[in-house]
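In what follows, a single structure is set out as structure tokens and then discussed.
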Amino acid sequence: MSKLQNIKGMRDHLGQAMLLRQHIVAVLTQVAERHGFEPLQTPVVEYAELLEGKLGDDEKLIYRFEDNGGRRLALRYDQTVPLARVVAQYAGQLMFPWRRYAYGPSYRGERPARGRYREFYQFDADIVGSASPLADAEIVAILTESLEALGFPGFTTLLNHRQVIGGIARASGLDETVAGGVYRSIDKFDKLGADGVREELLKMGVAPESAAQILALVQIDGDPHDVLEELSGRLGDDERAAQALENLRAVIGGLVEMGVAPERYKVAPRLARGLSYYTGLVFEAATPHWPEGSLLGGGRYDELIGQFAGRAIPTVGLAFGIDRLHDVMDELGLGPRLASTATAYVTIFAAGLEADSLALARELRAGGVNTLISLEAGGGLGKQLKDADRKGVRFALVLGPDELARGEVVLKDLRGGAQRSVARGEVVAVIADSR
Ligand code: AMP
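What follows is the structure, given as structure tokens:
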């Protein structure tokens, strides 16, 4: 090995970055549990066959390998296909509707770029076994509550329905065989703009009039009810599209009843979403601060689980991209900037006084204060205080012979530098009060 390095597109996360990531996951977990979701963990490795035939064009991005026993395995591409396996495998044990959340890494052999990695972490929340539009609305409510709890400023969730896009394709006279490519092009609308998409459509062999019609339809914008009205006017004759629009109306009704603020979502006929297993609602949340891609995505996939279970089990869910949330929060300075897991740093005044300092550290920890201890008195207090400061700990504590005699400790606030003597029995409370 010539150079020590990690694999391209797969990242190491050291202390401070990891603390922010843990904060993000804690907030998402809290919101999911507030809605009564229960946790699920599945292995990172699955039989390759399980993942194949579900992802459309994206299948080429699956990491596949043979293990020492000659089995054809794959790293999971997302947490949705593994969920479908679990539902089929444990259907007898599960109570539907089953709400589950899951957090872990997924793998895709993509070309790495800003916000696009080969190993990335997703946090999923799904409602399995309900076709109710209220299930769709609850998932969108969860994502809204989560982004609000993380402190995201302007974010919008774009909502659409697979059969609205299907209706647009049909109304524009498109053959089902080119429809897949057309959806992928439409999905890039925000990136390529109208001209870019038109160019791609023409290259695909779509007639100029059809391309113009598609572009006119996908650009319908405005208040959700107006967009739905206008689409009904244009696509209403197509029965599947009409039903889809009715479904979107019901989902939006649910959002209103669940108290989701109207400025948080839009109906966007241009939203297609890549994964081929979606059958109904699709959505994506984005922020203007991150034009490169979505913070999260999801939708309804009523048929995927049926491929394993032998009967249709309607399901809706979402996947947050932890790496995207992390990158954006890092850039915007959102979330707590924790420098250390410790709040207190106990110094050793002089050789021979270790036991007293260690006892103090024990008292602090017993009182719920995360505490680092100095490992040696050598170099003096100055060196230890500098060490505490560099590590980003808020308080340093000094316990010398005078303090010991008086039953006190010196508490130094490293943010600002003020220091004072505090009765030993009160130090935990003083630290708790000043945090
Ligand atoms: P998907 O599973 O494609 O629906 O993606 C759901 C979310 O996962 C996206 O909105 C992104 O936040 C995140 N995501 C997907 N692919 C990547 C990737 N290659 N790198 C980082 N995050 C990703």
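Once you know that position 2 of the sequence shown is -2 in the working numbering, the rest is easy, because the numbers rise by one and skip nothing. Cβ atoms here follow ideal geometry from the backbone N, Cα and C, with glycine treated the same way.
With the rule of 3 Cβ pairs closer than 8 Å, the stretch 387 to 399 counts as touching the stretch 409 to 423. If you look at Ala282, you'll find it in the beta strand (DSSP E) that goes 277 to 282.
Under the 10 Å beta carbon count, Ala257 is surrounded by fewer than 16 other beta carbons and is classified as exposed. For Thr311, the enclosing beta strand (DSSP E) has its first and last residue at 311 to 317.
Placement of the Cβ of Glu106 at a distance of less than 7 Å from at least one heavy atom of the ligand AMP is found. Sixteen is the threshold: since fewer than 16 other Cβ atoms of the shown chains lie within 10 Å of the Cβ of Lys199, the residue is exposed. Inclusion of Arg112 in the 7 Å shell around the ligand AMP follows from its C-beta lying nearer than that to a non-hydrogen atom of the ligand. Excluding the 5 residues flanking it on each side, Arg402 has same chain C-beta neighbours closer than 8 Å at Ser417, in chain order.
The DSSP assignment places complete alpha helix (DSSP H) segments of no fewer than 4 residues inside the stretch 181 to 231 at 185 to 199, 204 to 214, 220 to 231, in order along the chain. CA-CA distance, Tyr261 to Ile164, rounds to 21 Å. Beta-carbon to beta-carbon, Arg296 and Leu314 are separated by about 10 Å, too far to satisfy the 8 Å threshold.
Per DSSP, the continuous beta strand (DSSP E) segment holding Asp409 begins and ends at 404 to 409.
Under the three-state reduction of DSSP, Glu350 is assigned to helix. The distance from the Cβ of Val214 to that of Leu244 is about 15 Å, inconsistent with a contact at the 8 Å cut-off.
By the beta-carbon neighbour count (other beta carbons within 10 angstroms, threshold 16), Asn156 is buried.
Residue Arg114 holds the alpha-carbon nearest to the alpha-carbon of Asn2 among Ala137, Asp398, Ala355, Arg114. No Cβ-Cβ contact shorter than 8 Å links Arg269 with Gly111.
Here Pro220 is buried. Its C-beta has 16 or more other C-beta atoms within 10 Å. According to the DSSP secondary-structure assignment, Phe391 is paired through a beta bridge with Ala340, Asp409. Between Ser206 and Ser168, the beta carbon gap of about 4 Å places them in contact (Cβ cut-off 8 Å). At a cut-off of 7 Å, the beta-carbon of Phe119 does not count as near the ligand AMP: no heavy atom of the ligand is closer than that. By the Cβ-count criterion, Gly250 is buried, with 16 or more other Cβ atoms from all chains shown falling within 10 Å of its own Cβ. By the neighbour-count criterion, in which 16 or more other beta carbons inside 10 Å mark a residue as buried, Arg333 falls on the exposed side. Per DSSP, Gly294 is one residue of the beta strand (DSSP E) stretching across 292 to 296. The C-alpha of Asp183 lies about 39 Å from the C-alpha of Ala335. For Gly378, the uninterrupted alpha helix (DSSP H) run begins and ends at 376 to 386, by DSSP. The distance from the Cβ of Leu146 to that of Met14 is about 16 Å, inconsistent with a contact at the 8 Å cut-off.
A straight line joining the alpha-carbon of Ala347 with that of Asp383 spans about 18 Å. Residue range 11 to 30 is occupied by the alpha helix (DSSP H) that includes His19. The stretch 22 to 31 makes no contact with the stretch 45 to 57, as fewer than three CB pairs between them are under 8 Å. Taking the CA atoms as reference points, Leu241 sits about 34 Å from Phe116. Using a Cβ distance threshold of 8 Å, Ser102 and Arg60 do not count as a contacting pair. In this structure, Pro310 and Val160 do not form a Cβ contact; the two beta carbons are roughly 18 Å apart against a cut-off of 8 Å. When the beta-carbon positions are compared, Leu154 and Phe33 stay at least 8 Å from each other. Residues Leu143, Ala281, Thr283 of the same chain have their beta carbon placed closer than 6 Å to that of Phe151, with the five preceding and five following residues left out of the count.
The alpha-carbon separation between Arg67 and Glu372 amounts to approximately 53 Å.
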